[in-house]
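**Student:** Numbering (the working numbering), first residue to last: 2 to 295.
(1) Going by DSSP, what residues sit across from residue 31 in a beta bridge?
(2) Within 8 Å, do at least three Cβ pairs link the segment 94 to 106 to the segment 116 to 126?
(3) Under 8 Å, with one C-beta from each stretch per pair, do the segment 107 to 118 and the segment 37 to 47 reach the 3-pair mark?
(4) For the segment 167 to 254, which segments carrying the alpha helix (DSSP H) assignment without a break, of at least 4 residues, lie completely within its bounds, in sequence order?
(5) Find the nearest neighbour of residue 173 within the set 201, 135 and 256, judged by alpha-carbon distance.
(6) By alpha-carbon positions, which one of 125, 189 and 36 ends up nearest to residue 218?
(7) Can you tell me the Cα-Cα spacing of residue 68 and residue 29, whole angstroms?
(8) Using C-beta distances below 6 Å, list every residue in its chain close to residue 74, excluding the 5 sequence neighbours before and after it, in chain order.
(9) Grab the span of the beta strand (DSSP E) containing residue 80 for me, first residue to last.
(10) Less than 8 Å between the beta carbons of residue 250 and residue 272, yes or no?
(11) So, at 8 Å on beta carbons, what are the nonlocal neighbours of residue 242 in its own chain, with the 5 sequence-adjacent residues on each side left out?
(12) Pull up the CB-CB distance for residue 45 and residue 33, whole angstroms please, since I reckon it's below 8 Å.
(13) Who are residue 87's beta bridge partners in DSSP?
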């Protein structure tokens, strides 16, 4: 979907938040709208988590110090799946789990929840993620890990490939390896939702997701094509062996494309994306982020 490919960094226009100081452990979250490089307003939430920010008494140069399990300056930027948004319970559950390891940024992709625009199902969503990553950097974080689920998993892969060096580690959970896959019943239903006018009505009014009617032109870089361009940034691919959307050939293709810079975790008994990710797995992902982003 989408009118053109996404290939440049989106920046937040909310410049006052660049001056944030004294973000403390347990402090109140910040909620605002970021603006992408193509002008879409993205509903976004920042939660300090366990990080402690010291603005510095002399020169105002701030740095984060973590007093729990995280590393200095670590922030995890969470990219949800199709039909999710920042207020969905499964997204909030992921954010709470990751807050033990550092600060957390969550946001609603375009066309989802309170964000503007219409979903392009993984194409221009790269610009939404870029705006969230830029905001995390502006807030003073020195280490950024992107964690994406399903559609968000494909977005974090393409973002890391297109914007080399913009993040310090990448985690892709339940992502497809290739576009236009229709080999399972859930994916055939998803294609109906995206490509048919009646399906898009169901998305808008039943799932709070506004999907663009235009087809991709050009077709964006596929996840498996993106993965080799991520190196040397550490990459973790996570997939459940009971995923009803994408069978195990998808994560294996991604892992093969990653080579030595990637890791593959096949989770026994796990289904698809955020709803299926158990708390122990989220904790292991947090541990991996701490170890690889340091």
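Beta carbons: idealized from backbone N, C-alpha and C, even for Gly.
**Tutor:** Quick answer:
(1) 47
(2) Result no; under three Cβ-Cβ pairs closer than 8 Å.
(3) yes
(4) 186 to 196, 198 to 207 and 224 to 227
(5) 256
(6) 125
(7) Only weak support is given to the placement of residue 68: the predicted model assigns it a pLDDT of 42, under 50, and the question is left unresolved by the model.
(8) 65, 142, 143 and 144
(9) 75 to 80
(10) Contact check for residue 250 against residue 272 fails: the beta carbons are separated by 8 Å or more.
(11) 249, 267, 268, 269, 270 and 271
(12) 6 Å
(13) According to DSSP, residue 87 bridges with nothing at all.
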